[in-house]
Every structure is written in C-alpha cells, then in structure tokens.
Amino acid sequence: NASRDTGVPARLIKAIVEQETQFWPERSRPNVYDEFGLAQLNELGADVSLRWNQDLYKRVCSAIFVDCPEYYASLSTFSQAMVRGALLQLVDSNCPTCQYGLDLNKAEESIYILADSLKANAYQTGYIFTERGLQSSYEDMWRFTVLSYHAGYNCLEYGVATSSLYQEPITWPNVSRHIYCEGASEYVDSVWQKLAAFDQFHPPAVESNAKIYFPTQTPMPTATANPGLVNGGIHVI
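Take 1 as the starting number for the sequence shown in my numbering and just add one per residue.
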C-alpha cells in the first residue's frame, strides 16, 4: 500500500526495514543515535524528509500548528525542531503499557512514513543530478537514493561530483569508489543483497502436467484424559 501511494518499490521498503531493524521496531539505541521505528529514522533523516517531501511536511505540521507556512524551511528553528519531533513520535512504536512493549499499529503506520522519507531522498537525489545535468539508470538512481537516506546529501554529492570530474559514466560502481563516508557504500550493497535474496523465497512454478497432492481430511482421534498433556501455544519469532 505504501508503495502504491508513493511510487517507492515495495521490496526496497522491505529491504530497508530488514537492513535497519530486521523487522523488529523497538527503539534499541535511544541513548546513542536517537533512532526510531522499523527504519531507525533519526532527526537528520526527519529533516531531509520534511524539506523534500511537501505532502509529508504539511501532514505533520498541520497536526501540531494551526498556521503552517508553505515550506518547512520557512519555519523558525524552534518550530522546525517541533515538527521533526512530531514526525519521530509518529514512528516511535515503543509502548511500555502495550503487549511486548510495542504499539504494533504505530509500527505498521510508520511504513508509510518510511516510504515518504525514501521519496524525499529520491527528490534530493534528483536535484543533485539535475543541477549537474547528469543521468543514470533507474536501478542506480535508487542506489543513490538509499545512499542519500543513509549518509546524507554531502556524501552523495561528493561521490557524484568526483565521478563526474573524472568524466566517468555515472554508475554505482564508479560513484561508490569515491564515497568517503565510512560504511556508506557497504550499506547500499547490503540492501541490494537483500533485494536479490527476496527472489529465493518465490515458490517455484508448478508444471502443468505435474500431479498435485492435497492433504486429505481425516477424523480426529477421540480425546482421552491424559495428565501428561497441557494447554500450550507456539510463538513464531
């Protein structure tokens, strides 16, 4: 649903969640990075999302202020901080009074915000390429978007500018060699490994002439008193 709303590929959204939290939305590093939610959004990421995604900014700002200017950048420094905080609260699913300590409805809704954040970084990436009159492939543009999401504007801009200076084709292998941000290119490559791994889980097509066996319904045995049996449950982790 988030993919249909934003145009961000669904499997890319899923790969980012797997990369960041392995699908567990607990805020596990609050004292180090202040990262929140399934995609570990922090204040810098919130700032980019609000600057580049007008729809997201208007939704969040109007929820806390009566009168919002047209652009996030037009807000005072204090008001910008308030809007960033409101956005992070929307993705923070920690809930001490909830089962497992998590608000799962909030975690689910945060997927839409992740998609909007990736869309904002796609706009930021597009701006860098437009300003320099550059082009790249569809898949590499998403790689650059993920780099922007993880490492920020300067990291992406420097890699693209350096590759352009050397008159190289603007491809991920070329640009990634010039990225100075520690661990940034490895992060993008790791996300793409997860994208490729999703194909392993597609069930194989059944040949048209193959015989398919279905389980048959069999009567359940009559229950008898047995002190060795207790009521139980299965927890799938």
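Beta carbons are placed, not taken as given, at the ideal position from N, Cα and C, and that holds for glycine.
### Extent of the continuous alpha helix (DSSP H) to which residue 112 belongs
104-132
### Message
Can you check which of these residues, 140, 194, 132 and 120, is closest to residue 6 by C-alpha distance?
### Response
120
### Task
State the DSSP-derived secondary structure class of residue 94, mapped to helix, strand or coil.
strand
### Query
For residue 150 versus residue 115, is the C-beta spacing smaller than 8 Å?
no
#### Entry: Environment of residue 122 [buried if 16+ CB atoms lie within 10 Å]
buried
### Query
Using the beta-carbon count (16 or more within 10 Å), is residue 145 buried or exposed?
buried
### Query
Considering only the beta carbon of each residue, do residue 41 and residue 35 sit closer than 8 Å?
yes
### Query
By Cβ distance below 7 Å, which residues in the same chain neighbour residue 210 in space, the five residues on each side in sequence not counted?
The predicted position of residue 210 is uncertain, since its pLDDT is 46 and thus under 50; a value taken from the coordinates is nonetheless stated next. Cβ within range, chain order: n/a, list empty.
### Task
Select from 157, 193 and 195 the residue whose C-alpha is nearest the C-alpha of residue 180.
157
### Query
With residue 188 and residue 147 assumed to form a contact (beta carbons below 8 Å), what rounded beta-carbon distance in angstroms separates them?
5 Å
### Task
State yes or no: is the C-beta of residue 55 within less than 8 Å of the C-beta of residue 84?
no
### Message
With H, G and I counted as helix, E and B as strand and the rest as coil, what does DSSP make of residue 17?
### Response
helix
### Task
Tell me where the alpha helix (DSSP H) around residue 178 begins and ends.
Here residue 178 belongs to no alpha helix (DSSP H), and DSSP marks it neither H nor E.
#### Entry: Start-to-end residues for the alpha helix (DSSP H) that takes in residue 64
54-64
### Task
Go ahead and pull the three-state DSSP assignment for residue 41.
strand
### Task
Using the Cα positions of residue 126 and residue 133, report the straight-line distance between them to the nearest angstrom.
10 Å
### Task
Can you check DSSP and say which residues form a bridge with residue 36?
41
#### Entry: Length of the line joining the Cα atoms of residue 274 and residue 109
Nothing about residue 274 can be read from this structure; the chain reaches only from 1 to 237.
#### Entry: Cβ neighbour criterion (16 or more within 10 Å) applied to residue 215
Note that residue 215 scores a pLDDT of 46, beneath 50, so its modelled location is shaky and nothing firm can be said.
#### Entry: Of the residues 164, 138, 197 and 80, the one placed nearest residue 49, counting alpha carbons only
80
### Message
Going by DSSP, what residue range makes up the alpha helix (DSSP H) through residue 254?
### Response
Given that the chain is displayed from residue 1 to residue 237, the structure contains no residue 254 and the question cannot be resolved.
### Query
Just to confirm, are residue 171 and residue 136 a CB contact at a threshold of 8 Å?
yes
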